[in-house]
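Here the sequence shown is numbered in our numbering, starting from 29 and rising by one per residue.
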Amino acid sequence: MNEADREQKEIYAVAADWAARLGGDPLNAAERRELDLWLDGSARHRAAFEEATSAWEAMGELRSAPGALVKDIVPAREPTPAPVARSAASSPIGSPVESAVVEPGRKGRRGWRQAFAIAACLLLLVGGTGLWFGDPSTVWTADHRTAPGQRERIALSDGSTVELGPASAIAVRYGERERKVELLAGLAFFTAATMDEGERRPFVVAAAQGRAQALGTRFTVARLADVTEVVVIEHEVEVTTGADGGQAERAVVPPGSALRYAGSRLGELRPVNLDQATAWRRDRLIADSVTLAEVVAQLNRYRRGRIVIADPALASRRISGLFDMTDPEAALALIARDLQIRTLSLPPLVTLLY
């Protein structure tokens with residue numbers, strides 16, 4: 029980015045900030061003078077401000093329905109053209125992002141007015157709390173939780189262990205009939221102490237509307253955007269959905285396999301590369317033709333604030349590569365470059381991809 033582009037981006041960011049502030053409480057006299065001085069400073073300031081406030085007013089539907097902002101994908105307003113192929117790219121060897129290949133797709137071209145409006149709505153509606161600190165209900169309910177980019181190994185009272193992934197949380201609910209751990213957010217690697225003469229209670233991990241009962245020892249459970257995924261490393265795991273009175277579906281997952289469920293419905297068993305599935309334990313992300321939405325969900329576990337995708341067509345683009353998650357900003361920069369998409373950062377809370 030050259031100096032002129034950087035300066036224009038800063039002007040846009042200031043304009044969006046003022047638009048968001050005007051959408052909240054009324055400005056006091058000092059703030060009004062500050063805004064007037066900034067507007068009088070440059071014709072570009074005034075033009076950017078007019079665009080930002082116009083976009084803010086156009087987003088009244090989002091402001092009145094904040095629940096729509098829970099997901100990381102904001103619905104597009106117009107049809108998406110057919111994909112156009114482009115060449116692959118890779119980063120220099122030894123860089124924080126070791127390699128990346130972006131598969132054919134469409135270059136994201138969204139107006140910056142919509143991007144600013146979405147970002148401003150996010151800032152005003154959540155006040156920053158949820159985006160920075162996480163879901164308050166999870167914070168209060170969890171017995172163990174990790175910050176973005178942090179992992180933690182937890183020893184349970186029966187000898188089982190949990191390796192908690194970044195931005196993840198569990199609640200331990202051991203009782204007389206079962207050893208239950210509830211995965212409230214994120215992902216975890218479980219090593220269950222086996223049942224024997226001294227331990228008759230099954231080891232169960234509850235997540236969303238399903239349960240994974242260990243028939244062996246090692247497996248992972250991850251709560252993704254719309255589904256929950258169980259990956260079995262060793263022995264077998266029985267996955268059951270509809271545990272709260274609905275029609276139950278049940279499947280036994282063998283080692284080296286993965287199973288996803290959403291609501292009360294089970295997906296199909298599929299073989300999985302265990303090194304790839306557990307790469308997060310080494311602070312790596314191995315993407316093999318996965319959607320940008322899935323990659324962004326992983327990146328959001330390693331950084332404060334939230335990356336938001338402003339176009340479903342962009343979210344469905346597929347990516348392959350190996351990323352060092354100790355530097356998520358470098359990974360995001362490479363993805364943005366190779367997908368030829370724009371980013372808008374309103375630090376420290378929101379980064380828009382559009």
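Beta carbons: idealized from backbone N, C-alpha and C, even for Gly.
Query, Result
"Range of the contiguous alpha helix (DSSP H) that encloses R60", "A57 to D68"
"Three-way DSSP call (helix, strand, coil) for R365 in this model", "helix"
"CB contact flag (V280, V267, <9 Å)", "yes"
"Backbone CA spacing between T319 and S185 [nearest angstrom]", "39 Å"
"Sequence ranges, beta strand (DSSP E) only - wholly within the region 218 to 257, length at least 3", "231 to 235, 238 to 242 and 246 to 251"
"Length of the line joining the Cα atoms of V190 and L380", "33 Å"
"Boundaries (first-last residue) of the alpha helix (DSSP H) holding E266", "Element bounds for E266: not the alpha helix (DSSP H) but the beta strand (DSSP E), V265 to T269."
"Selected residue, minimal CA-CA separation from D352, among R345, A307, E62 and S317", "A307"
"Coil, strand or helix - L297 by DSSP", "coil"
"Euclidean distance between Cα positions of P356 and D64", "38 Å"
"Where the alpha helix (DSSP H) containing E26 begins and where it ends", "As displayed, the chain neither begins before 29 nor continues past 382, which places residue 26 out of reach and without an answer."
"Start and end residues, alpha helix (DSSP H) containing L342", "P340 to A343"
"CA-to-CA distance, R61 to Q178, given in whole angstroms", "43 Å"
"The region 290 to 299 touching the region 322 to 332, judged by at least three CB pairs closer than 8 Å", "no"
"In DSSP terms, what R201 is bridged to", "K208"
"DSSP-derived helix/strand/coil call for D316", "strand"
"Inter-residue CB distance, L372 and L327 (contact presumed, cutoff 8 Å)", "Actually they do not touch by this definition, with Cβ atoms about 16 Å apart."
"Nearest candidate by alpha-carbon position, reference Q304, set I337, L297, L350 and R329", "L350"
"Where the alpha helix (DSSP H) containing A383 begins and where it ends", "The requested residue 383 does not occur in the structure, where the chain is confined to residues 29 to 382."
"Within 9 Å, strictly: CB atoms of L287 and E296", "yes"
"Limits of the beta strand (DSSP E) - the one that I261 falls within", "Where I261 is concerned, there is no enclosing beta strand (DSSP E), given that its DSSP letter is neither H nor E."
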